[in-house]
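Single-structure report; data block below.
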Amino acid sequence: MSCSEQSVSVSKTNNQEIPDPFEQNKLLSKTINFGNALEAPNEGEWGIILKELYFKEIKAAGFTAVRLPIRWSAHTQLDSPFTIEADFFSRIDWILDQAEENDLAIIINIHHYEEIFANPDHEKEKFISIWKQITKKYINRPTTVFYEILNEPNDQLTAQLWNIYLAEAIDVIREIDSTHTVIIGPAEWGGISAINKLIIPSEEKNAIFTFHYYTPFEFTHQGAEWVDNSEAWLGTTWNGFQNEKVEISTDFLSVKLWAEQRNLPVFLGEFGAYYKADYTSRFKWTEYVAQRAEQDSFSWAYWEFAAGFGIYDPDAEEWQPLLKALIP
Numbered sequence: 297m298s299c300s301e302q303s304v305s306v307s308k309t310n311n312q313e314i315p316d317p318f319e320q321n322k323l324l325s326k327t328i329n330f331g332n333a334l335e336a337p338n339e340g341e342w343g344i345i346l347k348e349l350y351f352k353e354i355k356a357a358g359f360t361a362v363r364l365p366i367r368w369s370a371h372t373q374l375d376s377p378f379t380i381e382a383d384f385f386s387r388i389d390w391i392l393d394q395a396e397e398n399d400l401a402i403i404i405n406i407h408h409y410e411e412i413f414a415n416p417d418h419e420k421e422k423f424i425s426i427w428k429q430i431t432k433k434y435i436n437r438p439t440t441v442f443y444e445i446l447n448e449p450n451d452q453l454t455a456q457l458w459n460i461y462l463a464e465a466i467d468v469i470r471e472i473d474s475t476h477t478v479i480i481g482p483a484e485w486g487g488i489s490a491i492n493k494l495i496i497p498s499e500e501k502n503a504i505f506t507f508h509y510y511t512p513f514e515f516t517h518q519g520a521e522w523v524d525n526s527e528a529w530l531g532t533t534w535n536g537f538q539n540e541k542v543e544i545s546t547d548f549l550s551v552k553l554w555a556e557q558r559n560l561p562v563f564l565g566e567f568g569a570y571y572k573a574d575y576t577s578r579f580k581w582t583e584y585v586a587q588r589a590e591q592d593s594f595s596w597a598y599w600e601f602a603a604g605f606g607i608y609d610p611d612a613e614e615w616q617p618l619l620k621a622l623i624p
């Protein structure tokens, strides 16, 4: 299904057509994360500056969408009303334009909002203000633009508190915009451990559930510089043995059953293995996770495009062989 095709409308609110989130989720079937670009404090500081070419390459490779992690908190006023910098909004505009021109759906999120994880009460007003500004800005964009409420809530933003915050964010969005699909994940770093603590408001009918998957962590994050003691994991392999596959398929089944009980489509928003793992293991793991997600009717987004987990060489401007694990 191309992004230019409109999802089937099931209802209307305030004369705004509400798309079917299951149809919307199909637009995200094969997604790539633009990691290390806009979620850096400033674009380029982590080595990635987005180019027009990248959108064309992503479309040509067979991807249907991009997920754009964004550190909005680094580009807002410190005090109320927490106005987002005009130049930063213009940069996001350009990226949304590029996605639309290349027939790619795009997810915009709030990413690396470290301040809200450390001090939720202090940051709540800013968090809500950011979503109010985003929604007003992009209400007239096509429904191939998705709103992901917050990446990987953790620390002091507990599962219980996150349920309150996400409901208030949805309320603010829906006061302005009924048409754009929202994407919501659990607390405790967005993995499967906290899904049973997550409460998505029952009145929200245009939502997709998301989770992140990096199991076995000792394999996917071996040698990762930001993970304590990960050097000890170097050499960990993933061979595609039956017991290794069962661990993943069992985890995915638990997510599938949870979502079916709540009538929610599922988006696997991040999965990937760091470059320090051996290539054969990376390929086998990546291939199996993507295939398992597809078998369970999950859309997916590989983490990520062109950095430490990446599948694209920005210097040579060409895909790495690992692409074939995702799109044979």
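By our numbering, the letter at position 97 of the sequence shown is numbered 393, and the numbering carries on one by one without gaps. Ideal Cβ placement from N, Cα and C applies to all residues, glycine included.
Of the residues the options, the one placed nearest residue i, counting alpha carbons only
i      : options                           : result
Asp383 : Phe507, Gln518, Ser376 and His371 : His371
Tyr570 : Ala336, Ile480, Leu392 and Ala603 : Ala603
Lys322 : Asp611, Thr582, Val585 and Val562 : Val562
Ile435 : Thr582, Asp609, Leu560 and Glu313 : Glu313
Ala401 : Glu341, Ile354 and Ile466         : Ile354
Trp458 : Ile430, Lys493 and Lys428         : Lys493
Closer than 7 Å: residue i CB and nearest the ligand MN heavy atom
i      : result
Asp393 : Annotation note on the ligand MN: not contained in the displayed structure, which lists no ligands.
Span separating the alpha-carbon of residue i from that of residue j
i      : j      : result
Ser307 : Gln320 : With a pLDDT of 45 at Ser307, under the threshold of 50, the modelled position of that residue is not reliable, and no figure is offered here.
Ser474 : Glu397 : 24 Å
Glu381 : Asn447 : 21 Å
His408 : Ile426 : 14 Å
Leu564 : Gln616 : 22 Å
Ser298 : Asp316 : The pLDDT assigned to Ser298 is 41, lower than 50, so where the model puts this residue is not dependable; a value taken from the coordinates is nonetheless given after this. Computed Cα separation, rounded: 15 Å.
Thr546 : Asn405 : 28 Å
Phe359 : His517 : 25 Å
Asn502 : Gly531 : 43 Å
Glu500 : Ala612 : 45 Å
Gln557 : Trp599 : 28 Å
Glu421 : Phe537 : 49 Å
Val441 : Asp399 : 11 Å
Glu471 : Ala555 : 26 Å
Glu540 : Gly519 : 21 Å
Arg387 : His418 : 28 Å
Residue i, buried or exposed, once every other Cβ within 10 Å from all chains shown has been counted against 16
i      : result
Asp578 : Asp is not the amino acid found at residue 578; the sequence shown has Arg there. Its Cβ being crowded by 16 or more others within 10 Å, Arg578 is buried.
Phe378 : buried
Val542 : exposed
Pro482 : buried
Val304 : The predicted position of Val304 is uncertain, since its pLDDT is 36 and thus under 50; no value can be drawn from it.
Proximity below 8 Å, CB of residue i to CB of residue j
i      : j      : result
Ile496 : Phe507 : no
Ile460 : Tyr443 : no
Ile544 : Arg588 : yes
Phe515 : Ala573 : yes
Ser325 : Ser498 : no
Trp534 : Lys580 : yes
Leu618 : Thr576 : no
Ile328 : Ile403 : no
Arg437 : Leu392 : yes
Phe601 : Gly568 : no
Indicate whether the contact test is met: 3 or more Cβ pairs, each with one atom in the segment 362-369 and one in the segment 326-338, closer than 8 Å.
-> yes
Would you say the segment 514-528 touches the segment 487-497, given that touching needs at least three Cβ pairs under 8 Å?
-> No, the segment 514-528 does not touch the segment 487-497.
Stretch pair the segment 545-559 + the segment 346-362: three plus CB contacts closer than 8 Å = no
Please confirm if the segment 401-418 is in contact with the segment 452-465, defined as three or more CB-CB distances below 8 Å between the two stretches.
-> Flag = yes, the segment 401-418 and the segment 452-465 touch.
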